[in-house]
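Enquirer: Protein chains in written order, with my numbering: chain A, 512 to 725; chain B, 512 to 725.
I'd like to ask some things about the structure below.
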């Protein structure tokens, strides 16, 4: 089984984590429910996302949660297989939240894969896992993240893999990254079946007469 | 202002409604918070989605909610500008829920736009708004929907517009449909700004060696 843990906090961007949640959930369903998905927050109770959606975390920091038998050897007892950190305006507050940053550093240290979407890279930089790495982030935050030092921001890739760290560009890019990850974990054909179930054959509107991005 | 109402129920598919929620939320943000977004459920309290995510509705059937001044003339007092219905396995139960079907028929009757994602078309067919119309739905449900009679399922379009009804294919297609809709409501350039904020330049992985769909 694969144990997925998705961090949420007030001001997390909805699609940043629900896109990957959908990918991981479909992946598990197609594997006969083999995997576990958890939304993890600092505290119990509703979390209010950046565009107002309210979600309920499955566990709070410190709860051991329902993760059982998740791969880890002695180095990562009860660790997650995939730890995912979304972005959103809430990251600007949480980057100064010592408890959350310490939790991230600890969980990332024993996770098999560490992932972020959008400005979630800011939290992984502060916590350590993105230090000295090549990362992707939201286009409007590339300079800001690089200015914090000790990180190389890749500007022309939808997601970037560096060791066991995979980081994506803004909001919707987490879907592509998560599909890549389930393919890495469970095979390309499996990832295609997930994409087929989600009918992910994107066709953004209003493209034909659009000027190139400046 | 534009008043968006997104129906949720146990077993609704997460990305079906969170994709459009993100699009509508970004659209409102870029319009200085002009619009209102509500998650609407039959009852108060947590709703458990198809892949296990728990969300809190903003109002229940019968609550008038926070919708104010939403466009409607005498024909749709307090009506929504956009009513969106997601799919998911929960639709198989809800199609027999008389209270939900009656609510849908009533709200759809006074909404400016009625939308569905994935198998949400089943509920709009049962409630009436999709009867006699051309619709899109999830690829695995096209025959099943058509067999219910009085509806034309379009198999080769990501989303289908028929009058004030717009229906999309499965799960991820709601993002494209919602972008089309905010462009229809607030202009093509606005829709492009929404897409740019969401960094929606999709790049699904594992495409290069994939056979054509059978």
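The beta-carbon is built from N, C-alpha and C at its ideal position, and this holds for glycine as well.
Quick caveat: nothing in here was measured; it's all calculated off a predicted structure.
Determine the closest residue to residue 648 (chain B) out of B:674, B:663, B:548, with distance taken between C-alpha atoms.
Expert: Taking the second chain and counting its residues from 1, the one referred to as residue 648 (chain B) is at position 137. For the residues B:674, B:663, B:548, the minimum Cα distance to residue 648 (chain B) belongs to B:663.
Enquirer: Does the separation of the CB atoms of residue 570 (chain B) and residue 553 (chain B) fall below 8 angstroms?
Expert: Taking the second chain and counting its residues from 1, one reaches residue 570 (chain B) at position 59. Taking the second chain and counting its residues from 1, one reaches residue 553 (chain B) at position 42. Not in contact: residue 570 (chain B) and residue 553 (chain B) (Cβ atoms no closer than 8 angstroms).
Enquirer: Check the Cβ-Cβ distances between residue 624 (chain B) and every residue of chain A, and say whether any is below 8 angstroms.
Expert: Locating residue 624 (chain B) in the second chain gives position 113, counting from the first residue. Judged by the 8 angstroms Cβ criterion, residue 624 (chain B) is not in contact with chain A.
Enquirer: Roughly how many angstroms lie between the CA atoms of residue 512 (chain A) and residue 659 (chain A), to the nearest whole one?
Expert: Looking up residue 512 (chain A) in the first chain gives position 1. Looking up residue 659 (chain A) in the first chain gives position 148. So the alpha carbons of these two residues sit roughly 37 angstroms apart.
Enquirer: Helix or strand or just coil, what does DSSP make of residue 703 (chain B)?
Expert: As a working note, residue 703 (chain B) is residue 192 in the second chain. DSSP places residue 703 (chain B) in helix when its eight states are reduced to three.
Enquirer: Cβ atoms of residue 638 (chain A) and residue 656 (chain A): under 8 angstroms apart, would you say?
Expert: Within the first chain, the letter at position 145 stands for residue 656 (chain A). Within the first chain, the letter at position 127 stands for residue 638 (chain A). Against a cut-off of 8 angstroms, the Cβ pair of residue 638 (chain A) and residue 656 (chain A) comes out as no contact.
Enquirer: Please confirm whether residue 580 (chain B) has its beta-carbon closer than 8 angstroms to some beta-carbon of chain A.
Expert: By one-based count along the second chain, residue 580 (chain B) stands at place 69. Residue placement at residue 580 (chain B) is poorly supported in this model, since its pLDDT is 41, which falls under 50; the coordinates still yield a value, given next. It does not: the Cβ of residue 580 (chain B) has no partner Cβ on chain A nearer than 8 angstroms.
Enquirer: Excluding the 5 residues preceding and the 5 following residue 602 (chain A) in the sequence, name in chain order all residues of the same chain whose CB lies nearer than 7 angstroms to its CB.
Expert: Taking the first chain and counting its residues from 1, one reaches residue 602 (chain A) at position 91. So the qualifying residues of the chain are 630, 631, 633, 634.
Enquirer: Sort B:524, B:628, B:705, B:704 by Cα distance to residue 668 (chain B) and report the nearest one.
Expert: The count along the second chain starts at 1 and reaches residue 668 (chain B) at position 157. With distances taken between Cα atoms, residue 668 (chain B) lies closest to B:628.
Enquirer: When the Cα of residue 594 (chain B) is compared with those of B:720, B:541, B:528, B:561, which residue comes out closest?
Expert: Translated into positions along the second chain, residue 594 (chain B) becomes position 83. Answer by Cα proximity: B:528.
Enquirer: Whole beta strand (DSSP E) runs in the segment 530–607 of chain B with 3 or more residues, listed along the chain?
Expert: Entirely contained in the segment 530–607 of chain B, the beta strand (DSSP E) runs reaching 3 residues are, in chain order, 547–552, 565–567, 593–596.
Enquirer: Taking the beta strand (DSSP E) that residue 650 (chain B) belongs to, which residues open and close that run?
Expert: Translated into positions along the second chain, residue 650 (chain B) becomes position 139. Neither: residue 650 (chain B) is in no beta strand (DSSP E) and is coded neither H nor E.
Enquirer: Determine the direct distance from the alpha carbon of residue 596 (chain A) to that of residue 515 (chain B), and round the result to whole angstroms.
Expert: Within the second chain, numbered from 1, the residue matching residue 515 (chain B) stands at position 4. Within the first chain, numbered from 1, the residue matching residue 596 (chain A) stands at position 85. The straight-line gap from Cα to Cα measures roughly 28 angstroms.
Enquirer: So, with DSSP's three-state summary, where would you put residue 708 (chain A)?
Expert: Walking along the first chain from the start, residue 708 (chain A) turns up at place 197. Correct three-state label for residue 708 (chain A): helix.
Enquirer: Determine the direct distance from the alpha carbon of residue 716 (chain B) to that of residue 695 (chain A), and round the result to whole angstroms.
Expert: Position 184 of the first chain, counted from the first residue, corresponds to residue 695 (chain A). Position 205 of the second chain, counted from the first residue, corresponds to residue 716 (chain B). So the two alpha carbons sit approximately 11 angstroms from each other.
Enquirer: Would residue 671 (chain A) and residue 645 (chain A) be called neighbours here (beta carbons separated by less than 8 angstroms)?
Expert: Taking the first chain and counting its residues from 1, one reaches residue 671 (chain A) at position 160. Taking the first chain and counting its residues from 1, one reaches residue 645 (chain A) at position 134. Cβ distance < 8 angstroms, so residue 671 (chain A) and residue 645 (chain A) count as in contact.
Enquirer: In whole angstroms, what is the alpha-carbon distance linking residue 518 (chain A) and residue 642 (chain B)?
Expert: By one-based count along the first chain, residue 518 (chain A) stands at place 7. By one-based count along the second chain, residue 642 (chain B) stands at place 131. Approximately 42 angstroms between the Cα atoms of the pair.
Enquirer: Following the continuous beta strand (DSSP E) through residue 516 (chain B), name the residue where it begins and the one where it ends.
Expert: For the purposes of this step, residue 516 (chain B) is identified with residue 5 of the second chain, where counting begins at 1. Residue 516 (chain B) -> beta strand (DSSP E) spans 514–518.
Enquirer: If you draw a straight line from the alpha carbon of residue 577 (chain A) to that of residue 547 (chain A), how long is it in whole angstroms?
Expert: Sequence index remark: in the first chain, residue 577 (chain A) carries index 66 (1-based). Sequence index remark: in the first chain, residue 547 (chain A) carries index 36 (1-based). Below a pLDDT of 50, predicted positions are generally treated as unreliable, and residue 577 (chain A), at 47, falls in that range; the measurement from the model is reported next regardless. Taking the straight line joining both Cα atoms gives about 8 angstroms.
Enquirer: For residue 525 (chain B) and residue 567 (chain B), which I take to be in contact (beta-carbon distance under 8 angstroms), what is that distance rounded to the nearest angstrom?
Expert: Locating residue 525 (chain B) in the second chain gives position 14, where the first residue counts as 1. Locating residue 567 (chain B) in the second chain gives position 56, where the first residue counts as 1. Contact doesn't hold; Cβ gap of about 14 angstroms is too wide.
Enquirer: Listing by chain order, which chain B residues have their CB less than 7 angstroms from the CB of residue 607 (chain A)?
Expert: Taking the first chain and counting its residues from 1, one reaches residue 607 (chain A) at position 96. Chain B residues near residue 607 (chain A): none, gap ~23 angstroms exceeds 7 angstroms.
Enquirer: Can you tell me the Cα-Cα spacing of residue 688 (chain A) and residue 538 (chain B), whole angstroms?
Expert: For the purposes of this step, residue 688 (chain A) is identified with residue 177 of the first chain, where counting begins at 1. For the purposes of this step, residue 538 (chain B) is identified with residue 27 of the second chain, where counting begins at 1. Going from the Cα of residue 688 (chain A) to the Cα of residue 538 (chain B) covers about 24 angstroms.
Enquirer: Is there a Cβ of chain A sitting closer than 8 angstroms to that of residue 536 (chain B), yes or no?
Expert: Position 25 of the second chain, counting from 1, holds the residue named residue 536 (chain B). With 8 angstroms as the cut-off, residue 536 (chain B) counts as an interface residue toward chain A.
Enquirer: The alpha helix (DSSP H) with residue 693 (chain B) in it runs from where to where?
Expert: Numbered from its first residue, the second chain carries residue 693 (chain B) at position 182. 684–697 is the extent of the alpha helix (DSSP H) around residue 693 (chain B).
Enquirer: With a cut-off of 8 angstroms, does the C-beta of residue 591 (chain A) fall near any C-beta of chain B?
Expert: For the purposes of this step, residue 591 (chain A) is identified with residue 80 of the first chain, where counting begins at 1. Judged by the 8 angstroms Cβ criterion, residue 591 (chain A) is not in contact with chain B.
Enquirer: Considering just the uninterrupted stretch of the alpha helix (DSSP H) at residue 609 (chain A), what are its terminal residues?
Expert: If you number the first chain from 1, residue 609 (chain A) lands on position 98. 609–621 is the span of the alpha helix (DSSP H), which, as asked, contains residue 609 (chain A).
Enquirer: Residue 706 (chain A): buried (16+ other C-beta within 10 angstroms of its C-beta) or exposed?
Expert: Along the first chain, one-based indexing puts residue 706 (chain A) at 195. That one is buried.
Enquirer: Please check if any C-beta of chain A sits within less than 8 angstroms of the C-beta of residue 654 (chain B).
Expert: As a first step, residue 654 (chain B) is located in the second chain; it is residue number 143 there, counting from the start. No, no contact with chain A.
Enquirer: Verify whether the separation of the beta carbon atoms of residue 592 (chain A) and residue 623 (chain A) is less than 8 angstroms.
Expert: Your numbering for residue 592 (chain A) matches position 81 in the first chain. Your numbering for residue 623 (chain A) matches position 112 in the first chain. Result yes, Cβ atoms of residue 592 (chain A) and residue 623 (chain A) sit closer than 8 angstroms.
Enquirer: For residue 577 (chain A), decide whether its Cβ has a neighbour in chain B, counting only Cβ atoms nearer than 8 angstroms.
Expert: Taking the first residue of the first chain as position 1, residue 577 (chain A) is located at position 66. In this prediction, residue 577 (chain A) has a pLDDT of 47, which is less than 50 and means its spatial position is unreliable; nothing more can be read from the coordinates.
Enquirer: Quick one: using the 10 Å Cβ neighbour count with 16 as the cut-off for buried, is residue 678 (chain B) buried or exposed?
Expert: One-based indexing of the second chain puts residue 678 (chain B) at position 167. That one is buried.
Enquirer: Within 8 angstroms (strictly less), CB to CB, does residue 627 (chain A) reach chain B?
Expert: Start at 1 with the first residue of the first chain, and residue 627 (chain A) comes out as number 116. False, the Cβ-Cβ gap to chain B never drops below 8 angstroms.
Enquirer: Look up residue 667 (chain A) in the DSSP assignment and say whether it is helix, strand or coil.
Expert: Position 156 of the first chain, counting from 1, holds the residue named residue 667 (chain A). Here residue 667 (chain A) sits in coil by DSSP.
Enquirer: Assuming residue 693 (chain A) and residue 558 (chain A) are in contact, meaning their beta carbons sit under 8 angstroms apart, how far apart are those beta carbons, in whole angstroms?
Expert: Position 182 of the first chain, counting from 1, holds the residue named residue 693 (chain A). Position 47 of the first chain, counting from 1, holds the residue named residue 558 (chain A). About 25 angstroms; that fails the 8 angstroms criterion.
Enquirer: So with Cβ pairs under 8 angstroms, would you call residue 550 (chain A) a contact of chain B?
Expert: The residue given as residue 550 (chain A) occupies position 39 in the first chain. With 8 angstroms as the cut-off, residue 550 (chain A) counts as an interface residue toward chain B.
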